[in-house]
Amino acid sequence: MSIKITKECINCGACEPECPNNAIYEGNKKWKMSDGTSFLKRKEKESGSNLIVDHEHEPKEKDIYFIVSEKCTECVGFYDQPQCVLICPVGCCIPDKEHIETKQQLINKKNFLHHF
Ligand code: SF4
Ligand code: SF4
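If you read the sequence shown in my numbering, its first letter stands for residue 3, the second for the next number, and so on.
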């Protein structure tokens, strides 16, 4: 399952650079699937054209850091443990029970995000 950030976040920013999927964003920042991934290259190859869909999405939180569940793989494919959980000084990165996924689904998500 994805990890989520709770309201206890103190906006220290320590987690953001640790994420291998660029799934963590500062509050009020817009996000894209292609940020820090090879998503665009994958779409180019599959479509065979320049019709690339990579929308800019609205922030999921305004005042605290947030995790994009569509990009979080629980660090599967990169590390044995979720890096944001390890580094967060206040323990506010926790499992998101609304986005439960199997290990295989997380591997598939990682491959979807990082095709090359
Ligand atoms: S668990 Fe890993 S992939 Fe998910 S947000 Fe945290 S650092 Fe990023
Ligand atoms: S490491 Fe924890 S407290 Fe710091 S920005 Fe990330 S979630 Fe918030």
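C-beta: ideal position from N, C-alpha, C; glycine also.
As the structure is a prediction and not an experimental result, all values here were calculated from the model.
Cα-Cα separation, residue i to residue j
i, j, result
"ASN24", "LYS73", "7 angstroms"
"LYS105", "VAL70", "18 angstroms"
"MET3", "TYR27", "18 angstroms"
"PRO19", "LEU108", "20 angstroms"
"GLN83", "ASP98", "15 angstroms"
"LYS9", "PRO91", "14 angstroms"
"THR39", "CYS77", "13 angstroms"
"CYS86", "CYS17", "5 angstroms"
Proximity of residue i and residue j at Cβ, strictly below 9 angstroms
i, j, result
"ILE96", "ILE5", "yes"
"GLU63", "LYS32", "no"
Residue i, DSSP secondary structure in three states
i, result
"CYS86", "helix"
"ILE12", "coil"
"PHE114", "helix"
"LYS105", "helix"
"PRO97", "strand"
"PHE80", "coil"
6 angstroms Cβ shell around residue i - same chain, five flanking residues per side excluded
i, result
"CYS11", "ILE66, TYR67, CYS94"
"LYS34", "ASP56, GLU58"
Same chain only: Cβ atoms within 7 angstroms of residue i, ignoring 5 sequence neighbours per side
i, result
"CYS75", "In the sequence on display, residue 75 carries Thr and not Cys. For THR75, where only same-chain residues beyond five positions count, the Cβ hits under 7 angstroms are ASN23, LEU108, LYS111, LYS112."
"CYS14", "PRO91"
"PHE80", "PRO22"
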